[in-house]
Amino acid sequence: MSQVFDTGIVRSDKYYQREIAKYLEKIRLKNENMERTQKEIDAMTKESAKMHRRLDKKIKEMEDMLR
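Under the working numbering, think of the first position of the sequence shown as 5, with each following residue one higher.
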């Protein structure tokens, strides 16, 4: 089955299947990138929390030394 547009170009169903497949692949890649980015953000957040705990501990030690 084919469709004819006012330009006179005939496009087959296979053409549309290929275009849809390209579009779906782009969506899949974007989802992978977003998942990877989210994992990186989670890792940075975890590392940041560790650093804050270490800093809080050092600050408390210094405050105790000053007393």
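Where is the CB? At the ideal position from N, CA and C, for every residue including glycine. None of the values given here were measured: they were computed from a predicted structure.
- For ARG71, there is no enclosing alpha helix (DSSP H), as DSSP marks it with neither H nor E.
- Take ALA47, set aside five residues on each side of it, and no residue of its chain has a beta-carbon closer than 6 Å to its own.
- Secondary structure of ARG15 (DSSP, three-state): strand.
- One alpha carbon belongs to LYS61, the other to GLU67, and they sit about 10 Å apart.
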